[in-house]
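Colleague: The structure is given below, and queries will be raised subsequently.
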Amino acid sequence: MKNYIVFLALSFLLLHCHPYPRDPEKTLENVSHHELLVGYSVNPPWVIETSDSLQGVEVALMQEFAQRLHAEIRWIPGTENELFKDLADRKLHMVIAGLTRDTPWKKEKIGITRTYYKTGKEEYVMAILQGENAFLVALEKFLLTKEHQIKSLVEKYENHQAI
Amino acid sequence: MKITKQFEFPKALLPKYKKAKRIEIISIAYLISTALLMYITMSGSQTMKTAWVEDMLSLIPAISFLITTKIFNKAPNEQFPFGYHRVSSIAYLCSSLALFTVGGLLLIDAILALVRQEHPTIGTVVIFGQPIWMGYLMMLVLVYATIPAIFLGKVKMPLAEKLHEKNLYADAKMNKADWMTAVASIIGVAGIGLGWWWTDAIAAAIISADILHDGYVNLREATYDMLDQAPKTIDDQDIHPIVDQVKQVLEGQDWVKKAEVRLREDGHVFFGEGFIVPQHTDHLLSHINQGVEAVYQLDWKIHDFHITIVDQLPEQPKEKNKG
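Structure below.
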């Protein structure tokens, strides 16, 4: 019993000495100050593509997230089918496409974030590399700080759509 | 139809029996609470899923003990002349089969997760506006799943031996499996946090192999019970010393030339016969009655015992098949 408590105490101490949780493939480290590979599939108002620009709620969120990581975004267009295959093959870091929590793609070898925005029955999420938990935690913490601005972003891009 | 007498535990053991029932109700409440907490915090971890299923499974012996207490106290009748004692053996067979099957399924699941290189994805949960990594919560729940289980198991073990109650014994062992599972799971989840995706599936595989093993051992014992094997002690599964004691008591009677006994377990109690080659047949009826009484004095577990007079005993097979 004593040994067990000592074991628990030691483990919790150990866990606090290092950044925790960590990525098996160091995605967060690799992306910071480098390149963030984001696959996108058009789905207004989340992802809007015009002849000369890429806009939308999730595009705006990604741009700010990349800025915080001092990373450049490389945008990779595709159908959801292609993008999720690439994400499962670990050729992308993330996929945005106005995905909801009930997306059938979650059965693939990918991860999804917690719900970052909820409207009615729809719970919006982003797709991310499977098992890169430090990267996932960084993204989820960022999305949480934006929680209160997302509604106005959605309205902004819905109006944009109408024009 | 000769009907056996109604009896399950002697008066002296009744407080122990009541205590066992109380402990089992506490166990069930505690196990349900840990199962709920585990379900809430499970997210993408194979280990947590395995620990959760293990926790749900460990409800079975406790629940089946409580259900059987409702049944085995019923009075024997024309239709069930041997009484309802054996309902515990049926419950024991069911719970060990559940252990065995689920252990196997979980082991396959864990191995598949390893082969497919599924990386457990564990994100944050927001509590009072603060994002917290779910892994921390999992570890907290798992700590909650260990400490009370250790004590519950320690209380149940001696009760099970006193009452000769196999479901209770299986349950005490399950509590041990519970906390060992939780410790393995803590290591698995802590490993995920260190960036070792495989600790999760390996911890899950170890736990499920342990469940499978427990299931196998108990399933074997339960099947042997149903096959009317000789009474065994509840812990080390040796032939119960009562078998030899009964034989000695019979051979100690001065009218007995040779004696042999055959006992079987029906739940907590033993049924059986003594086969006696008498020295002489004077006062045979009263001798038989004295013999039966002397055997009943040995132990409360001997519930229904008869003496048969034979002119010779068959050769005993010397090899004990321990199985």
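So the protein sequences, as listed, match chains X and S.
Numbering of the first sequence is given in the numbering used here, commencing with residue 2 and proceeding in unit increments.
Numbering of the second sequence is given in the numbering used here, commencing with residue 233 and proceeding in unit increments.
Quick reminder that beta carbons are idealized off the backbone N, C-alpha and C, glycines included.
Model, not experiment: these values are computed from the prediction.
Among residues of its own chain, excluding the 5 on either side of E81 (chain X), which ones have a beta-carbon nearer than 8 Å to its beta-carbon?
Modeller: Taking C-beta separations shorter than 8 Å and ignoring five residues to either side along the sequence, the partners of E81 (chain X) in its chain run S42, V96, A98 and W106, following chain order.
Colleague: By the DSSP assignment, the beta strand (DSSP E) with T413 (chain S) in it spans what residues?
Modeller: Looking at the DSSP string, T413 (chain S) is not in any beta strand (DSSP E); the run it does join, the alpha helix (DSSP H), is K398 to G425.
Colleague: Quick one: what's F503 (chain S) bridged to in DSSP?
Modeller: S:R496 and S:D536
Colleague: Just the C-alpha distance for Y316 (chain S) and N305 (chain S), rounded to the nearest angstrom, thanks.
Modeller: 7 Å
Colleague: Using only alpha-carbon positions, find the residue among S:E497, S:I382, S:V493 and S:V501 that is nearest to V542 (chain S).
Modeller: S:V493
Colleague: Going by DSSP, which residues form a beta bridge with N44 (chain X)?
Modeller: Answer by DSSP bridge pairing, in chain order: X:V48.
Colleague: With distances taken between CB atoms, is the gap from T28 (chain X) to A135 (chain X) smaller than 9 Å?
Modeller: T28 (chain X) is a Cβ neighbour of A135 (chain X), given a cutoff of 9 Å.
Colleague: Using a Cβ cut-off of 9 Å (strictly closer), state whether K152 (chain X) contacts chain S.
Modeller: no
Colleague: Are the beta-carbon atoms of V387 (chain S) and V334 (chain S) separated by less than 9 Å?
Modeller: no
Colleague: Within the continuous beta strand (DSSP E) that includes W365 (chain S), where are the two ends?
Modeller: Residues Q362 to W365.
Colleague: Could you name the residues of the same chain whose beta carbon sits closer than 8 Å to that of M366 (chain S), not counting the 5 residues immediately before and after it, in chain order?
Modeller: T273, S275, I354, G355, T356 and V357
Colleague: At 4 residues or longer, and completely inside the region 51 to 130 of chain X: list those alpha helix (DSSP H) runs for me, N to C.
Modeller: The DSSP assignment places 58 to 69 and 81 to 89 as complete runs of the alpha helix (DSSP H) inside the region 51 to 130 of chain X, in order along the chain (cut-off: 4 residues).
Colleague: Can you give me the C-alpha to C-alpha distance between A414 (chain S) and E36 (chain X), rounded to a whole angstrom?
Modeller: 40 Å
Colleague: CA-CA distance, K554 (chain S) and P463 (chain S)?
Modeller: Bear in mind that the predicted position of K554 (chain S) carries a pLDDT of just 48, short of 50, making it unreliable; the figure below should be weighed with that in mind. Taking the straight line joining both Cα atoms gives about 12 Å.
Colleague: Could you tell me which residues DSSP puts in a beta bridge with L298 (chain S)?
Modeller: Paired residue(s): none; L298 (chain S) is not in a bridge.
Colleague: Kindly say whether D24 (chain X), judged by its beta-carbon, lies nearer than 9 Å to any beta-carbon of chain S.
Modeller: Judged by the 9 Å Cβ criterion, D24 (chain X) is in contact with chain S.
Colleague: If contact means a Cβ-Cβ distance below 9 Å, which residues of the region 128 to 141 of chain X contact chain S?
Modeller: I129, L130, Q131, G132, E133, N134, A135, L137, V138, L140 and E141: these are the residues of the region 128 to 141 of chain X whose beta carbon lies less than 9 Å from some beta carbon of chain S, given in chain order.
Colleague: For E36 (chain X), which of helix, strand or coil comes out of DSSP?
Modeller: For E36 (chain X), the secondary structure class from DSSP, reduced to helix, strand or coil, is strand.
Colleague: Determine the contact status of G132 (chain X) and P25 (chain X), defining contact as a CB-CB distance below 9 Å.
Modeller: yes
Colleague: Kindly indicate the opening and closing residues of the alpha helix (DSSP H) around T356 (chain S).
Modeller: Run containing T356 (chain S): none in the alpha helix (DSSP H); it sits in the beta strand (DSSP E), T356 to I359.
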